[in-house]
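Asker:
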Amino acid sequence: ARRIDWQTPFTQTLDHSNPPFARWFCEGRTNLCHNAIDRWLEKQPEALAMIAVSSETEEERTFTFRQLHDEVNAVA
(Lines of atoms letter the chains of each structure in order from A and count residues from 1; the text may use other names and numbers.)
(Lines give C-alpha, C1' and ligand atoms only; values in the text may rest on other atoms or scores of the structure.)
Protein backbone atom coordinates (compact mmCIF):
# COMPACT_ATOMS: atom_id res chain seq x y z
CA ALA A 1 0.00 0.00 0.00
CA ARG A 2 2.93 2.35 0.59
CA ARG A 3 3.95 2.04 -3.06
CA ILE A 4 0.56 3.31 -4.25
CA ASP A 5 -0.23 7.01 -4.62
CA TRP A 6 -3.46 7.65 -2.68
CA GLN A 7 -5.80 10.57 -3.41
CA THR A 8 -7.40 9.94 -0.02
CA PRO A 9 -5.41 7.84 2.48
CA PHE A 10 -7.10 4.73 3.82
CA THR A 11 -8.09 4.64 7.48
CA GLN A 12 -7.93 0.88 7.99
CA THR A 13 -6.09 -1.82 6.04
CA LEU A 14 -8.68 -4.57 6.48
CA ASP A 15 -12.22 -4.51 7.87
CA HIS A 16 -13.48 -8.03 8.53
CA SER A 17 -16.50 -6.97 10.61
CA ASN A 18 -19.05 -8.42 8.14
CA PRO A 19 -17.91 -12.01 7.38
CA PRO A 20 -17.59 -13.54 4.88
CA PHE A 21 -17.08 -10.15 3.25
CA ALA A 22 -13.93 -8.11 3.71
CA ARG A 23 -13.20 -4.48 2.89
CA TRP A 24 -9.64 -3.55 2.03
CA PHE A 25 -8.06 -0.09 2.43
CA CYS A 26 -11.20 1.43 3.95
CA GLU A 27 -12.06 5.00 2.96
CA GLY A 28 -9.00 5.13 0.67
CA ARG A 29 -9.27 6.49 -2.85
CA THR A 30 -6.75 5.96 -5.62
CA ASN A 31 -6.56 6.27 -9.39
CA LEU A 32 -5.56 3.07 -11.16
CA CYS A 33 -4.51 4.79 -14.39
CA HIS A 34 -2.29 7.21 -12.49
CA ASN A 35 -0.59 4.43 -10.52
CA ALA A 36 -0.18 2.07 -13.49
CA ILE A 37 0.81 4.54 -16.23
CA ASP A 38 0.85 8.27 -15.55
CA ARG A 39 3.33 8.40 -12.68
CA TRP A 40 5.84 6.32 -14.68
CA LEU A 41 5.39 8.29 -17.90
CA GLU A 42 7.48 11.25 -16.72
CA LYS A 43 10.24 9.14 -15.13
CA GLN A 44 10.72 6.46 -17.79
CA PRO A 45 8.55 7.01 -20.88
CA GLU A 46 10.46 4.53 -23.06
CA ALA A 47 10.58 1.72 -20.48
CA LEU A 48 8.59 -1.45 -21.12
CA ALA A 49 5.18 -1.07 -19.51
CA MET A 50 3.22 -4.05 -20.82
CA ILE A 51 3.47 -7.21 -22.88
CA ALA A 52 0.10 -8.17 -24.35
CA VAL A 53 -0.40 -11.67 -25.75
CA SER A 54 -3.56 -12.45 -27.71
CA SER A 55 -5.35 -15.51 -26.38
CA GLU A 56 -6.71 -16.16 -29.87
CA THR A 57 -3.70 -15.63 -32.14
CA GLU A 58 -0.88 -15.76 -29.58
CA GLU A 59 0.43 -12.57 -31.19
CA GLU A 60 2.66 -10.65 -28.79
CA ARG A 61 2.68 -6.87 -28.62
CA THR A 62 4.80 -4.69 -26.35
CA PHE A 63 4.09 -1.16 -25.12
CA THR A 64 6.29 1.47 -23.54
CA PHE A 65 4.74 3.76 -20.95
CA ARG A 66 4.45 6.47 -23.63
CA GLN A 67 2.71 4.11 -26.09
CA LEU A 68 0.39 2.74 -23.42
CA HIS A 69 -0.49 6.28 -22.32
CA ASP A 70 -1.32 7.19 -25.93
CA GLU A 71 -3.47 4.05 -26.38
CA VAL A 72 -5.41 4.70 -23.17
CA ASN A 73 -6.01 8.34 -24.10
CA ALA A 74 -7.21 7.34 -27.57
CA VAL A 75 -10.07 5.32 -26.11
CA ALA A 76 -10.79 7.43 -23.02
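Residues in the sequence shown are numbered consecutively from 1, following UniProt numbering. Beta carbons: idealized from backbone N, C-alpha and C, even for Gly. Owing to the predicted nature of the structure, the values given are computational and were not obtained by experimental measurement.
Using beta-carbon positions only, say whether Glu60 and Val53 come within less than 8 Å of one another.
Answerer: Against the sequence shown, residue 60 aligns to sequence position 60. Against the sequence shown, residue 53 aligns to sequence position 53. Against a cut-off of 8 Å, the Cβ pair of Val53 and Glu60 comes out as a contact.
Asker: In chain order, what residues of the same chain have a beta carbon less than 8 Å from the beta carbon of Ile37, not counting five sequence neighbours either side?
Answerer: What you label residue 37 is simply residue 37 of the sequence shown in a count that begins at 1. If we look at Ile37 and ignore the five residues flanking it on each side, its Cβ neighbours are Ala49, Phe65, Leu68, His69 and Val72.
Asker: On the three-state DSSP scale, how would you describe Glu59?
Answerer: The count along the sequence shown starts at 1 and reaches residue 59 at position 59. Of the three classes helix, strand and coil, the one that applies to Glu59 here is coil, per DSSP.
Asker: Please report the residue range of the beta strand (DSSP E) in which Ala52 lies.
Answerer: Locating residue 52 in the sequence shown gives position 52, where the first residue counts as 1. It spans Leu48 to Val53 - the beta strand (DSSP E) in which Ala52 sits, taken as one unbroken run.
Asker: So, for Ile51: in the same chain, excluding its five sequence neighbours on each side, which residues have a beta-carbon less than 7 Å away from its beta-carbon?
Answerer: In the sequence shown, counting from the first residue as 1, residue 51 sits at position 51. The residues are Glu60 and Thr62.
Asker: In the DSSP assignment, find the unbroken alpha helix (DSSP H) run with Gln12 in it and report its ends.
Answerer: Here residue 12 refers to the residue found at position 12 of the sequence shown. Gln12 -> not in any alpha helix (DSSP H); beta strand (DSSP E) instead, spanning Gln12 to Asn18.
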